[in-house]
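So the protein lines, in turn, are chains V and F.
When the count follows this note's numbering, it moves up by one through the first sequence with no breaks and lands on 502 for the last residue.
When the count follows this note's numbering, it moves up by one through the second sequence with no breaks and lands on 502 for the last residue.
Ideal placement from N, C-alpha and C gives every residue a C-beta, glycine not left out.
Have a look at the structure below before the remarks.
Number of protein chains: 2
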Amino acid sequence: MSDIAQWDIFELRLDGPADGNPYLEVSLSARFAQGDREIMVPGFYDGEGVYIVRFMPDSLGEWTYETASSVSALSGKTGSFTAGEAAPGAHGPVKVANQFHFAYADGTPYLPFGTTCYAWTHQPLGLQAETLETLSTAGFNKIRMGVFPKDYPFNTNEPLYDVFEIGANGQRDFDKPNPMAFRQFETQVGKLRDLSIEADIIIFHPYDRWGYCEMSAEQDNRYVAYLAARLAAYRNVWWSLANEYDFLLDVKPMEQWDRYFHILEENDPYGHLKSIHNGDVRMNYDHTKPWVTHVCIQNWDVKKTPDWRDGYGKPLINDEPEYEGNIFPAWGNISAQELVHRFWITLLRGGYAGHGETFEHPEDIIWWAKGGKLHGEAWQRIAFLRKLLEEDVTLGLTPLGGTNSWPWSRMSAAEDEAVRYIYFGEHQPAQWTTGLPAEEGDYEVDLIDIWEMTITPAERIPPLVPHPTRHGGIVRGGKPDAAFGVRLPGRPHLALRIRPAK
Amino acid sequence: MSDIAQWDIFELRLDGPADGNPYLEVSLSARFAQGDREIMVPGFYDGEGVYIVRFMPDSLGEWTYETASSVSALSGKTGSFTAGEAAPGAHGPVKVANQFHFAYADGTPYLPFGTTCYAWTHQPLGLQAETLETLSTAGFNKIRMGVFPKDYPFNTNEPLYDVFEIGANGQRDFDKPNPMAFRQFETQVGKLRDLSIEADIIIFHPYDRWGYCEMSAEQDNRYVAYLAARLAAYRNVWWSLANEYDFLLDVKPMEQWDRYFHILEENDPYGHLKSIHNGDVRMNYDHTKPWVTHVCIQNWDVKKTPDWRDGYGKPLINDEPEYEGNIFPAWGNISAQELVHRFWITLLRGGYAGHGETFEHPEDIIWWAKGGKLHGEAWQRIAFLRKLLEEDVTLGLTPLGGTNSWPWSRMSAAEDEAVRYIYFGEHQPAQWTTGLPAEEGDYEVDLIDIWEMTITPAERIPPLVPHPTRHGGIVRGGKPDAAFGVRLPGRPHLALRIRPAK
Chain V
1 MSDIAQWDIF ELRLDGPADG NPYLEVSLSA RFAQGDREIM VPGFYDGEGV
51 YIVRFMPDSL GEWTYETASS VSALSGKTGS FTAGEAAPGA HGPVKVANQF
101 HFAYADGTPY LPFGTTCYAW THQPLGLQAE TLETLSTAGF NKIRMGVFPK
151 DYPFNTNEPL YDVFEIGANG QRDFDKPNPM AFRQFETQVG KLRDLSIEAD
201 IIIFHPYDRW GYCEMSAEQD NRYVAYLAAR LAAYRNVWWS LANEYDFLLD
251 VKPMEQWDRY FHILEENDPY GHLKSIHNGD VRMNYDHTKP WVTHVCIQNW
301 DVKKTPDWRD GYGKPLINDE PEYEGNIFPA WGNISAQELV HRFWITLLRG
351 GYAGHGETFE HPEDIIWWAK GGKLHGEAWQ RIAFLRKLLE EDVTLGLTPL
401 GGTNSWPWSR MSAAEDEAVR YIYFGEHQPA QWTTGLPAEE GDYEVDLIDI
451 WEMTITPAER IPPLVPHPTR HGGIVRGGKP DAAFGVRLPG RPHLALRIRP
501 AK
Chain F
1 MSDIAQWDIF ELRLDGPADG NPYLEVSLSA RFAQGDREIM VPGFYDGEGV
51 YIVRFMPDSL GEWTYETASS VSALSGKTGS FTAGEAAPGA HGPVKVANQF
101 HFAYADGTPY LPFGTTCYAW THQPLGLQAE TLETLSTAGF NKIRMGVFPK
151 DYPFNTNEPL YDVFEIGANG QRDFDKPNPM AFRQFETQVG KLRDLSIEAD
201 IIIFHPYDRW GYCEMSAEQD NRYVAYLAAR LAAYRNVWWS LANEYDFLLD
251 VKPMEQWDRY FHILEENDPY GHLKSIHNGD VRMNYDHTKP WVTHVCIQNW
301 DVKKTPDWRD GYGKPLINDE PEYEGNIFPA WGNISAQELV HRFWITLLRG
351 GYAGHGETFE HPEDIIWWAK GGKLHGEAWQ RIAFLRKLLE EDVTLGLTPL
401 GGTNSWPWSR MSAAEDEAVR YIYFGEHQPA QWTTGLPAEE GDYEVDLIDI
451 WEMTITPAER IPPLVPHPTR HGGIVRGGKP DAAFGVRLPG RPHLALRIRP
501 AK
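So this is what it looks like as structure tokens:
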């Protein structure tokens, strides 16, 4: 009989000193061992004399541990436990797979279809419950969420808990994390985990009136280590160093961002995914740096996806290809049709895209920051796309061409081992051949209406044999470039799926 | 009493030798003079012993002329004529104005709204008449058209006339232009002129099965000079050195293209507009070269318009932001909505765009190459945009921001002396303030539906006062950035027009 399941959390709680400032003064770690393996795991102070070490076993069987601390009461504590089979649906943390893609630790492919609710864990508890309720059926498997509350247009309310305690002088004391705030945050990370939703945790962001932006470098570093100690044992954690880090460069210069990455490397024994998200489109972080596991960017110009992907050579997530909505900030008001279009373009050019909703609300309860309910029309189409791809995608999609390739600079197309997709987007050819199979064979060719969410067999026709031309590069030699063609209804926002007949 | 009107054609016809090959062997020019001005004008051989010199007077009053030739029968012919007031609607040739724009010689602003019918003058006469009939009401004021016929998908028919004569050996003789072909071509240029439509004459293109691509450099040079001699007196002539010159670089290297420009400079006394159009988006000609009057490109990525405009520092025409239609080539099947959208983006980022239609037709009579009838839905909206801009634009539109400016990287906006336009495109804010007048005043603010072609007064609201933020660059200081705002219906493809109340 096992004590916990693989990839769940083993938690060791110890009583120790409550005097002074344990956050600054007491060190605690534990060495977890199984056979020849030893894993050093940092612990943390949870207030009221309670110290915690959390560990997520990544393999089955017996594990032993022994603590070490600057305080004797917390030192040399030993024990053991047995990790059993993972719970149903638990596949472990998500890792990079096949260079440009992701998979869970157990090898199950993971295609990120994320949304954004920056400050949802700082809203009233009822609203938080509603957010989880929405997420339970919306079809997203990742959410971007900040540790700190947000001070921004439509975000003027105070958070449920201060992230750091208010000191005797009425000022926030950035040497005293508020356990209430972190417990609430990790409770929600746990609930997301139970919904199979990855928590893409945003560690810093610029939108602040509480002073979190002005913490010293030392305080920042300690906070990052503390987060890792508290949260790394949650298998669904991703680290996003910042939302829009470039708007913080005046107070946190570039070398400091690099340092945060290193602190995570030092304190997260599981090597959770790590990235950092820009504001200005010209200010992408240098994602080629070795400590960045995958690329996060914000950019509306989604046809460039192959450039970013190839340039960084890592999985690419465009978290903010603008939001569906109607608020006045220019990034927050594209139509649902446009967002769904940008998802298809991004995915079929080898990247991943992020969802967000920013519709005006009488009480400023806007999904993108506070959660609540979804009011738009894109999320269903994104869930449809996810379901569609999960049917066939194994290694991850490889785009058929680069940003300047013919004709995939205009249309978008990608393939995996046994499937190919072509998305025509704003294009509406009445007939099509390019990109269809070169060999005759028993293929299933389906026409997909990305908005109506219909999948119907495409009408096959003989391949187009273009009139040969003297020059020009478009069509040469009067030979078809595939074994057959399809007739299309001649309207935009359609896609083709080609796969071997079952 | 005048003999001809200003900017019309004075034509001198002379009889001379018909033996040998006058095209190669006989030189002819005339010196036209008025007061201290002297203008050297090349003549040309029109077959059957007839030699012609054409001249377009750009100023009123008496002009004298005297011919010079390598043949005595054509030399020393003198005469005079009087140029009177320009005909109604005749404003002279179009020139560059205000660095990024165009105006007729008499100062009337000219905003190019062109279309493309590459080979319309090579179609049967009935179809040519139909094309002119369509053009007479479609609202275009420029057309791209080739001197040579076109060999291409959907373009397999033989031309009405061979452009060069078939010799005794059954081969085309590129030393013998066919006067019939050129007369037909210039007749149609004249009819376009009478419809106030500029003829953007494409001198070379790669889509050929008749051997026109393989003429020698010497033959090319002679042909360019001949075109200038025949056609430069038509006030509505523009020179486009090529459609997709880069697909011809294997037979016509770059220095040859430069040379063609120089030959036009030497043989076109009026300095008609000159440019050259690329195929591959990475192969723009270096339009900063001094002999290029304006930039012609083909590129679907129209939000980059400010980059190209600023980079070349000249008027920019994106002749092919892809075509409305449904044919299979990837450049020929965007929706009407998308083309209209791209027109608005291009215009409101300081450039000009070109129209084309490529709908499948049972007899392959496709507007883009053969003319005929328009079958699409974009042309009416483009005519609407033209009419709208012509109401107020005087100097030409200056974009409110560059490709990376906030928020005009996402929306598009431009202004002239007494008008400003904002196009929201795929964006659908429910309220808007940015870009509206900074000062309270008596403004007329209209909401434009670019597809429905409606213009209605916009609902004014107090300016938006965003919550101030610690960082972030979007909104600072809690001050509105304009004196008032507008409420919008929250759907895409809308624009605002702001101008002083009449």
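Counted within 10 angstroms of its Cβ, other Cβ atoms place glycine 43 of chain F as buried (16 or more) or exposed: As a position in the second sequence, residue 43 of chain F is number 43, starting the count at 1. Counting Cβ neighbours within 10 Å, glycine 43 of chain F comes out buried, since at least 16 surround it.
Cβ shell of tyrosine 207 of chain V (< 6 Å), same chain only, five flanking positions each side left out: Numbered from its first residue, the first sequence carries residue 207 of chain V at position 207. Correct list, in chain order: Lys150, Asp151 and Tyr152.
Chain-ordered neighbours of glycine 490 of chain F on chain A, where CB pairs are closer than 7 Å: In the displayed structure, chain A is absent; the protein chains listed are V and F.
Complete runs of the beta strand (DSSP E) confined to the segment 100-143 of chain F [at least 3 residues]: 101-104 and 114-116
Cβ-heavy atom distance, proline 462 of chain V to the ligand ADP, below 7 Å: No copy of the ligand ADP occurs in the structure displayed, which carries no ligand at all.
Minimum C-alpha distance to threonine 131 of chain F - residue among F:Lys370, F:Leu264 and F:Met180: For the purposes of this step, residue 131 of chain F is taken as the residue at position 131 of the second sequence. Of F:Lys370, F:Leu264 and F:Met180, the residue nearest in Cα terms is F:Lys370.
Cross-chain neighbours of asparagine 333 of chain F in chain V, by beta carbon under 7 Å: On the second sequence, position 333 is the one that residue 333 of chain F refers to. Here the neighbours are His427, Gln428 and Pro429.
Asparagine 155 of chain F, DSSP secondary structure in three states: Counting from 1 along the second sequence, the entry for residue 155 of chain F is found at position 155. In the structure shown, asparagine 155 of chain F sits in a strand (DSSP, three-state: E or B).
First through last residue of the beta strand (DSSP E) which encompasses leucine 14 of chain F: Taking the first residue of the second sequence as 1, we reach residue 14 of chain F at position 14. From DSSP, the beta strand (DSSP E) with leucine 14 of chain F extends over 10-15.
Cut-off 6 Å between Cβ atoms - residues of its own chain near isoleucine 474 of chain F, not counting five sequence neighbours on either side: Translated into the one-based positions of the second sequence, residue 474 of chain F becomes position 474. Confidence at isoleucine 474 of chain F is low in this model, with a pLDDT of 47, below 50, so the placement of that residue should be treated as unreliable; the coordinate-derived value is given next. Contacts found: none.
Beta-bridge partners of phenylalanine 164 of chain V, as assigned by DSSP: One-based indexing of the first sequence puts residue 164 of chain V at position 164. DSSP, once it has assigned bridges, lists V:Pro177 as partnering phenylalanine 164 of chain V.
Glutamate 214 of chain F (DSSP reduced to helix, strand or coil): Against the second sequence, residue 214 of chain F aligns to sequence position 214. It is helical.
Threonine 305 of chain V beta carbon less than 8 Å from that of glycine 332 of chain V: Sequence index remark: in the first sequence, residue 332 of chain V carries index 332 (1-based). Sequence index remark: in the first sequence, residue 305 of chain V carries index 305 (1-based). Not in contact: glycine 332 of chain V and threonine 305 of chain V (Cβ atoms no closer than 8 Å).
Range covered by the beta strand (DSSP E) that runs through lysine 95 of chain F: Within the second sequence, residue 95 of chain F is the residue found at index 95, counting from 1. 94-97 is the extent of the beta strand (DSSP E) around lysine 95 of chain F.
CB contact check: arginine 410 of chain F to chain V, cutoff 8 Å: As a first step, residue 410 of chain F must be located in the second sequence, where it is residue number 410. Arginine 410 of chain F counts as touching chain V.
C-alpha distance - proline 321 of chain F paired with proline 17 of chain F, whole-angstrom precision: What you label residue 321 of chain F is simply residue 321 of the second sequence in a count that begins at 1. What you label residue 17 of chain F is simply residue 17 of the second sequence in a count that begins at 1. Cα to Cα, proline 321 of chain F sits roughly 49 Å from proline 17 of chain F.
Environment of methionine 411 of chain V [buried if 16+ CB atoms lie within 10 Å]: Translated into the one-based positions of the first sequence, residue 411 of chain V becomes position 411. Looking at its Cβ environment, which holds 16 or more other Cβ atoms inside 10 Å, methionine 411 of chain V is buried.
Cβ of asparagine 404 of chain V within 8 Å of any chain F Cβ: Translated into the one-based positions of the first sequence, residue 404 of chain V becomes position 404. Yes, contact with chain F.
Residues sharing a beta bridge with arginine 230 of chain V, DSSP: Working through the first sequence from its first residue, we reach residue 230 of chain V at position 230. In the DSSP output, where bridge partners are listed per residue, arginine 230 of chain V has none listed.
Endpoints, the alpha helix (DSSP H) within which valine 340 of chain F is located: Translated into positions along the second sequence, residue 340 of chain F becomes position 340. Its alpha helix (DSSP H) spans residues 336-347.
Cβ neighbours of proline 463 of chain F in the same chain (closer than 6 Å, five flanking residues each side left out): In the second sequence, the residue the question calls residue 463 of chain F occupies position 463. So the qualifying residues of the chain are Thr433, Pro480, Ala482, Phe484 and Gly485.
Option in F:Asn157, F:Gln99 and F:Gln188 with minimal Cα separation from isoleucine 143 of chain F: The residue labelled residue 143 of chain F in the question sits at position 143 within the second sequence. When only C-alpha atoms are compared, the closest one is F:Gln188.
Burial state of isoleucine 166 of chain V, where buried means 16 or more other Cβ atoms lie within 10 Å: Your numbering for residue 166 of chain V matches position 166 in the first sequence. Its Cβ having fewer than 16 others within 10 Å, isoleucine 166 of chain V is exposed.
Distance, phenylalanine 113 of chain F Cα to serine 75 of chain F Cα: Locating residue 75 of chain F in the second sequence gives position 75, counting from the first residue. Locating residue 113 of chain F in the second sequence gives position 113, counting from the first residue. So the two alpha carbons sit approximately 43 Å from each other.
7 Å Cβ cut-off: residues of chain F touching histidine 467 of chain V: As a working note, residue 467 of chain V is residue 467 in the first sequence. Result: Tyr152, Pro153 and Thr156.
Where the beta strand (DSSP E) through methionine 283 of chain F begins and ends: By 1-based counting over the second sequence, the position of residue 283 of chain F is 283. It is not in any beta strand (DSSP E) - methionine 283 of chain F carries neither H nor E in the DSSP assignment.
Proline 437 of chain V (DSSP reduced to helix, strand or coil): Within the first sequence, the letter at position 437 stands for residue 437 of chain V. DSSP places proline 437 of chain V in coil when its eight states are reduced to three.
Chain V residues whose Cβ lies nearer than 8 Å to that of tryptophan 432 of chain F: For the purposes of this step, residue 432 of chain F is taken as the residue at position 432 of the second sequence. Here the neighbours are Phe328.
Three-state secondary structure assigned by DSSP to isoleucine 366 of chain F: Walking along the second sequence from the start, residue 366 of chain F turns up at place 366. Looking at isoleucine 366 of chain F - three-state DSSP - the assignment turns out to be coil, as it is neither helix nor strand.
Below-8 Å beta-carbon distance, leucine 231 of chain V vs any chain F residue: Residue numbering aside, residue 231 of chain V sits at position 231 when the first sequence is read from its first letter. Answer no: the Cβ-Cβ gap between leucine 231 of chain V and chain F never drops below 8 Å.
Stretch-stretch touch, CB-based, cutoff 8 Å, three pairs: the segment 167-184 of chain F with the segment 237-250 of chain F: no
Anticipated Cβ contact below 8 Å, leucine 135 of chain V with leucine 231 of chain V, distance rounded: Locating residue 135 of chain V in the first sequence gives position 135, counting from the first residue. Locating residue 231 of chain V in the first sequence gives position 231, counting from the first residue. Between leucine 231 of chain V and leucine 135 of chain V the Cβ distance is about 18 Å, and since that is not below 8 Å, they are no contact.
Neighbour flag for phenylalanine 484 of chain V against chain F, beta carbons, 8 Å: The residue labelled residue 484 of chain V in the question sits at position 484 within the first sequence. So no, phenylalanine 484 of chain V is outside the interface.
Amino acids of chain V, ordered along the chain, whose beta-carbon sits closer than 9 Å to that of valine 281 of chain F: For this step, residue 281 of chain F is matched to residue 281 along the second sequence. The contacting residues are Asn404 and Ser409.
Euclidean distance between Cα positions of leucine 494 of chain V and glutamate 186 of chain F: Here the question's residue 494 of chain V lines up with position 494 in the first sequence. Here the question's residue 186 of chain F lines up with position 186 in the second sequence. So the alpha carbons of these two residues sit roughly 44 Å apart.
Sequence-distant residues of its chain with Cβ nearer than 6 Å to tyrosine 118 of chain F (five each side left out): As a position in the second sequence, residue 118 of chain F is number 118, starting the count at 1. Here the set comprises Gly146, Lys150 and Ala369.
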